[in-house]
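Going by UniProt numbering, the sequence shown opens with residue 1, and the numbers climb by one from there. Step one of this worksheet: look at the structure below.
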Amino acid sequence: MTTNADWEATVAQWTSVYREVYDDQSTSRFAGWIDYVTGRRIPDAVMEAWLDWSVRSVRRLHPRAVLEIGGGTGMIADGLADIVDRYVLTDPVTGGDAHPHPAVTSKLAGAHELARVLDDADRFDCVVVNSVIQHFPDVDYLAHVLTGVVPHLTDDANIYLGDLRHAGLHRAQCRERARVREPFATPDRIDDLAAQFIRSDPELLVSPRDIARAASGLPGPWHLRVRPRAFDADSDLDRHRFDAVLTRREPTTAHGERRTVGNGLLGGTGPTPAELDRGPDAVSLHLEDPQSLWVGADDDLWFDIASLTTHEGSPS
């Protein structure tokens, strides 16, 4: 069983890593971002598209008071500060640094230390945890963090969990990495390399149902929306990652018919998430087949937390 000491050790390890990364940002604010598949530095143009996707996704939630957990150097805050009344950025490395926008306050705290830096009266209608959960020790830690923020949420709050690595796509991702490393390897060799990469990956990968399980103990009804990262980069950052939004808002009655399509970025056939995202319908990850997508009316693609956590099928 994972203990609090294990949590502290993992958080301390990643804090040390990011302290070095932030010290190396003299040439680019995206220093330290490496493509998992190719092993090469991700171009700034791709990172700008990645950042733009995250900022636009949070803006769609119409936040007024934001709590960001693991805000880093403030890239998300920079994109939201002009539309909010209040923005509290927390981070175990950069927290406490001054931000140029008066709406933004920065506080030094890890994700599990929010009670130390938030007042009892603090209330937020949006929580942002972007590209951070892969550095959490486990899903129980995520549940602990979510439990800690609930007392500070308004009744109509949203929790945006961005840039999540999909556990159901990990093997495909590692096989792709193996083919890049040894393009002329036999299928057996590719399988062996992929297995090695899976075992040595230090990050936390999650499925939509992992998110649902982490939220299942929260008071009151909660609903989950899972979206593929749909920006035109054709990189590791949009092929194998997704966003999740937890909300207390009750979706209205669904209209339209949910249909299943292949993810063109993964299977080589069918539309890409970015192409679908430009259309009139909403796009979701398929909960049973992580290489497929659901397309339908917006309300048809919200999922009740209770139904996901009691489902007997695949935990994709």
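C-beta atoms are modelled at their ideal positions from N, C-alpha and C, and glycine is treated no differently.
Are the beta-carbon atoms belonging to residue i and residue j less than 8 angstroms from one another?
i, j, result
"R259", "V283", "no"
"V127", "Y87", "no"
"L89", "G110", "no"
"E203", "H101", "no"
"A167", "L205", "yes"
"F197", "R165", "no"
"V129", "I69", "yes"
"G107", "V117", "The amino acid at residue 107 is misidentified as Gly; the sequence shows Lys. Going by C-beta atoms, K107 is nearer than 8 angstroms to V117."
"N263", "P228", "yes"
"V261", "L293", "yes"
"D188", "H152", "no"
"V149", "L114", "yes"
"R29", "M75", "yes"
"residue 337", "W222", "It is not possible to answer for residue 337, since the shown part of the chain is limited to 1 through 316."
"A185", "R171", "no"
"V55", "G32", "no"
Let's see if you can read the secondary structure: which residues bound the alpha helix (DSSP H) around residue i?
i, result
"Y223", "In the sequence on display, residue 223 carries His and not Tyr. No alpha helix (DSSP H) contains H223, which is instead part of the beta strand (DSSP E) from 223–228."
"V55", "44–59"
"T147", "139–149"
"V117", "114–117"
"S284", "No alpha helix (DSSP H) holds S284; the beta strand (DSSP E) holding it covers 282–285."
"L89", "Looking at the DSSP string, L89 is not in any alpha helix (DSSP H); the run it does join, the beta strand (DSSP E), is 86–91."
"A274", "273–277"
With a CB to CB cut of under 7 angstroms and the five nearest residues on each side skipped, what residues in its chain are close to residue i?
i, result
"S131", "G162, D163"
"D298", "A282"
"I211", "L161, L224, A244"
"V84", "P63, R64, A65, V66, A103"
"G220", "R248"
"A143", "A214, G217"
"A81", "Y87, H101, A103, V104"
"P271", "V261, G264"
"A77", "E68, G71, Y87, L89, H99, V104"
"P315", "Any answer about P315 is weak, because its pLDDT of 41 lies below 50 and its placement is not dependable; what the coordinates show is given next. Only S207, R209 meet the Cβ criterion."
"T269", "G262"
Would you mind reading off the limits of the beta strand (DSSP E) that contains residue i?
i, result
"V77", "Val is not the amino acid found at residue 77; the sequence shown has Ala there. Where A77 is concerned, there is no enclosing beta strand (DSSP E), although the alpha helix (DSSP H) it sits in stretches over 75–80."
"A212", "Element bounds for A212: not the beta strand (DSSP E) but the alpha helix (DSSP H), 208–215."
"L108", "104–108"
Helix, strand or coil for residue i per DSSP?
i, result
"S314", "Unreliable placement is indicated for S314, whose pLDDT of 44 sits below 50; the coordinate value is still reported in the next sentence. Correct three-state label for S314: coil."
"A297", "coil"
"I305", "helix"
"R41", "strand"
"V180", "helix"
"L67", "strand"
"S292", "strand"
"F124", "strand"
"D236", "helix"
"L161", "strand"
"F197", "helix"
"N4", "helix"
"G262", "strand"
"A167", "helix"
"R249", "coil"
"D97", "coil"
"D155", "strand"
"D243", "strand"
Enumerate in chain order the residues of its own chain whose CB-to-CB distance from residue i is below 8 angstroms, with the five nearest sequence positions on each side excluded.
i, result
"L146", "I159, A214, A215, L218, L246"
"A157", "F124, D125, C126, V127, T247, R248"
"L169", "R239, H240, L266, P290, Q291"
"F242", "L164, H166, P208, V226, R227, P228, R229, L285"
"D155", "R248"
Apart from the five residues just before and just after residue i, which ones in its own chain have a Cβ nearer than 6 angstroms to its Cβ?
i, result
"A233", "V46, A49"
"D236", "D35, Y36, V37"
"F303", "L224"
"Q173", "H240"
"D277", "A230, V283"
"D51", "Residue identity differs from the one stated: residue 51 is Leu in this sequence, not Asp. For L51, where only same-chain residues beyond five positions count, the Cβ hits under 6 angstroms are M75."
"T309", "A212, R213, S216"
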